[in-house]
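Residue numbers (our numbering): 32 to 194. For glycine and all other residues, C-beta sits at the position ideal for the given N, C-alpha and C. This report concerns only the one structure given below.
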Ligand SMILES: Nc1ncnc2c1ncn2[C@@H]1O[C@H](COP(=O)(O)OP(=O)(O)OP(=O)(O)O)[C@@H](O)[C@H]1O
Ligand SMILES: [Mg+2]
């Protein structure tokens with residue numbers, strides 16, 4: 032798949048991109064987020080959670096490291112979503128301590144990982160990646176680059192149409 036680039040001009044637009052993107056997600060999928068503090072990773076994830084009707088309040092789990100939500104697909108199937116924040120993780124041992132390895136190997140769950148830079152060797156061969164970066168000139172503008180790494184990625188229509 033070719034990487035897709037989007038420009039977001041507001042928190043709300045990033046949320047809507049997340050919701051539109053979520054339509055592509057299937058159980059088992061891993062989405063690895065990259066981007067500095069305050070880039071908008073959690074905002075995008077809130078959009079994904081909204082698509083799956085997650086009722087819990089989604090916040091950056093920086094202090095809890097890992098949150099587990101129960102959502103539902105448009106077909107009304109229950110789905111488990113892990114929301115992980117690896118910001119404070121410094122070593123492979125810590126990844127194991129927080130249960131990140133188990134999380135990544137759990138079946139039929141969607142995994143959303145903030146600060147994937149710290150995931151060590153627990154990066155699956157097949158994964159979505161979302162890179163969010165700041166714009167130098169406009170404090171509310173973000174560049175969001177979405178990619179799928181791995182085998183046989185289907186082609187998806189641009190998210191612009193749904194946002
Ligand atoms: N276009 C935009 N998209 C997303 N957030 C934006 C945008 N413009 C401004 N913001 C602001 O940037 C902040 C993004 O916060 P968010 O918690 O989503 O970042 P994060 O990448 O998860 O950071 P952290 O690494 O601390 O978890 C919010 O305060 C939001 O209001
Ligand atoms: Mg966050």
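| said: Across the region 80-92 and the region 182-191, are there enough close Cβ pairs to call them in contact, namely three or more that are closer than 8 Å? | reply: no
| request: Label residue 57 either buried or exposed according to how many other C-beta atoms from any shown protein chain fall within 10 Å of its C-beta, with 16 as the threshold for buried. | output: exposed
| query | Under a three-way DSSP split, which group does residue 187 fall into? | reply | coil
| So who's on the other strand from residue 175, going by DSSP bridges? | 37 and 163
| task | Compare the C-alpha of residue 112 against each of 119, 83 and 120 and name the closest. | result | Here the closest residue by C-alpha is 83.
| query | Looking at the structure shown, is residue 102 part of a helix, part of a strand, or coil, going by DSSP? | reply | Three-state result, residue 102: strand.
| message | Quick check: residue 34 and residue 161, are their CB atoms within less than 7 Å of each other? | response | Taking a C-beta distance under 7 Å as the contact criterion, residue 34 and residue 161 do not qualify as a contact pair.
| field | Rounded straight-line distance, which links the Cα of residue 165 to that of residue 37 | value | About 12 Å.
| Which residues in the same chain as residue 110 place their Cβ atom closer than 7 Å to its Cβ, once the five residues preceding and following it in sequence are excluded? | 58, 83, 102, 103, 104 and 141
| task | Decide if the region 117-136 is in contact with the region 37-49; the criterion is three or more beta carbon pairs, one per stretch, under 8 Å apart. | result | No: fewer than three Cβ pairs fall under 8 Å.
| task | Counting only the same chain and skipping the five closest in sequence on each side, list residues whose C-beta sits under 7 Å from that of residue 179. | result | 32 and 159
| field | Per-residue DSSP class, three states only, for residue 48 | value | helix
| Given a threshold of 16 other Cβ atoms within 10 Å of its Cβ, counted over all protein chains shown, does residue 98 qualify as buried or as exposed? | buried
| task | Would you mind sorting residue 40 into buried or exposed? The rule is 16 or more other CB atoms within 10 Å of its CB. | result | exposed
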